[in-house]
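The block underneath contains the structure these notes are about, expressed in structure tokens.
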């Protein structure tokens with residue numbers, strides 16, 4: 001849902017980012033009822049694809065295999081979104097860290113990866129992909145996903161504020 005000062009989906013939300021961020025539904029199929037914001041970084045960079053910065057939240061469905069373990073589910077989701085988010089754009093992934101995280105008293109796990117696009121036509125070839133999964137305590141989970149270029153401190157600050165402002169439950 002895109003109302004007021006927060007972007008929300010099911011039991012997770014983050015503070016709305018101001019312009020030039022735009023609201024959008026549906027990031028990847030793994031996030032049900034997802035809501036978020038995006039910013040176009042480069043249009044039609046290779047003659048067929050656009051390149052975006054994204055911040056999204058949503059519920060995880062039964063396909064996630066969530067069994068109360070945010071760490072295992074975050075690992076699964078971080079692998080799954082690699083193809084969902086980047087499609088046929090040639091990219092490589094490198095682990096950049098992981099750890100426990102808590103929001104609104106709900107336990108979670110985050111995984112960060114460095115995503116490097118092989119295309120030299122992109123001005124923002126390297127992104128930080130963050131996936132965080134939170135256990136709602138009722139057998140279900142919600143997730144946060146962002147991918148932000150490392151060469152844009154303004155966007156990194158906006159994402160950091162969104163991540164710190166996550167509410168769960």
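In full-length UniProt numbering, the protein residues as written are 1 to 169.
In this text, a Cβ means the ideal position worked out from N, Cα and C, and glycines have one as well.
Inset, instruction - Give the secondary structure of residue 30 by DSSP, where H, G and I count as helix, E and B as strand, and everything else as coil. - result: By 1-based counting over the chain shown, the position of residue 30 is 30. The answer is coil: DSSP assigns residue 30 none of H, G, I, E or B.
Legend entry - Delimiting residues of the beta strand (DSSP E) encompassing residue 149: What you label residue 149 is simply residue 149 of the chain shown in a count that begins at 1. Here the beta strand (DSSP E) through residue 149 covers 141 to 149.
Inset, instruction - Could you spell out where the alpha helix (DSSP H) holding residue 73 opens and where it closes? - result: In the chain shown, residue 73 corresponds to position 73, counting from 1. Bounds of the alpha helix (DSSP H) holding residue 73 are 70 to 86.
Inset, instruction - Could you pull out every residue in the same chain whose Cβ sits closer than 7 Å to the Cβ of residue 26, ignoring the five residues on either side in sequence? - result: Residue mapping note: residue 26 aligns to position 26 of the chain shown, counting from 1. Within the same chain, residue 26 has close Cβ partners 34.
Legend entry - Helix, strand or coil at residue 41 according to DSSP, with G and I counted as helix: What you label residue 41 is simply residue 41 of the chain shown in a count that begins at 1. Residue 41: strand per DSSP, three-state reduction.
Legend entry - Limits of the beta strand (DSSP E) - the one that residue 153 falls within: For the purposes of this step, residue 153 is taken as the residue at position 153 of the chain shown. Annotation: residue 153 is outside any beta strand (DSSP E); the continuous alpha helix (DSSP H) that includes it extends over 153 to 164.
Inset, instruction - Determine the closest residue to residue 111 out of 92, 117, 105, 101, with distance taken between C-alpha atoms. - result: Locating residue 111 in the chain shown gives position 111, counting from the first residue. Ranking the options by Cα distance to residue 111, first place goes to 101.
Legend entry - Nearest residue (CA-CA) to residue 127, options 137, 104, 85: Stepping through the chain shown from its first residue, residue 127 is reached at position 127. Ranking 137, 104, 85 by CA distance to the CA of residue 127 puts 85 first.
Legend entry - Nearest to residue 67 (by Cα), restricted to the options 168, 133, 161: The residue labelled residue 67 in the question sits at position 67 within the chain shown. If we check each option's Cα against that of residue 67, 133 comes out closest.
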